[in-house]
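Residue numbers (our numbering): 2 to 174.
Every residue, glycine too, gets a C-beta built ideally from N, C-alpha and C.
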């Protein structure tokens, strides 16, 4: 507790009144979601991202294959069986390390959310294609993870960080 002003009511109030929520998937984000607020989700495990709303923007941690010292692609995250991993033991057994997003990557997705809310900035055709590729790849991979697919991912509507997709084209395979 960092303040004596902390209260359950304040959690509800902030969730109801915020412009959007930035979350790491620890549970609080459900409060703003109840009030239909937009969400920036910085998340791992990757298979648990919230995909049912166009109001949700997503960025996952970097998955590094230690023996080759390289970042895994979206499909490789699933094929290595770590899309749903919640414990460090699984990542260690698979030889995969999670690396935090850079401050720049976090800033970029937050600014993308602000621009979409305040100036209603639309994606250009190239960025739309990147989003379609992400949604298609995510959809085809998450189908192998029942019961999650039917429960959470009937239609992929969330947007992945556009700048991340532009700068990491090899991730979209």
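Reducing DSSP to helix, strand and coil, say where residue 103 ends up.
On the chain shown, residue 103 is found 102 positions in, with the first residue counted as 1. In the structure shown, residue 103 sits in coil (DSSP, three-state: anything other than H, G, I, E or B).
Does residue 119 come out as helix, strand or coil in the three-state DSSP assignment?
Looking up residue 119 in the chain shown gives position 118. If DSSP states are grouped into helix, strand and coil, residue 119 belongs with the helices.
My output table needs one value for residue 129: the three-state DSSP class, helix, strand or coil.
For the purposes of this step, residue 129 is taken as the residue at position 128 of the chain shown. Collapsing the DSSP output to three states places residue 129 in a helix.
Residues near residue 101 in its chain [Cβ-Cβ closer than 7 angstroms; skip 5 each side]:
The count along the chain shown starts at 1 and reaches residue 101 at position 100. Excluding residues within five positions, the ones whose Cβ falls inside 7 angstroms are 62.
Throw me the rounded Cβ distance for the residue 64 and residue 78 pair, which I believe falls under 8 angstroms.
Stepping through the chain shown from its first residue, residue 64 is reached at position 63. Stepping through the chain shown from its first residue, residue 78 is reached at position 77. That pair is a contact at about 5 angstroms.
What's the C-alpha gap between residue 7 and residue 125?
For the purposes of this step, residue 7 is identified with residue 6 of the chain shown, where counting begins at 1. For the purposes of this step, residue 125 is identified with residue 124 of the chain shown, where counting begins at 1. Straight-line Cα distance between these residues: approximately 42 angstroms.
In the DSSP assignment, the beta strand (DSSP E) including residue 41 goes from what residue to what residue?
Counted from its first residue, the chain shown places residue 41 at position 40. For residue 41, the enclosing beta strand (DSSP E) begins and ends at 40-44.
Taking just the CA atoms, how far does residue 166 sit from residue 104?
Reading the chain shown from its first residue, position 103 is the one you call residue 104. Reading the chain shown from its first residue, position 165 is the one you call residue 166. Using only the alpha carbons, I get a separation of about 16 angstroms.
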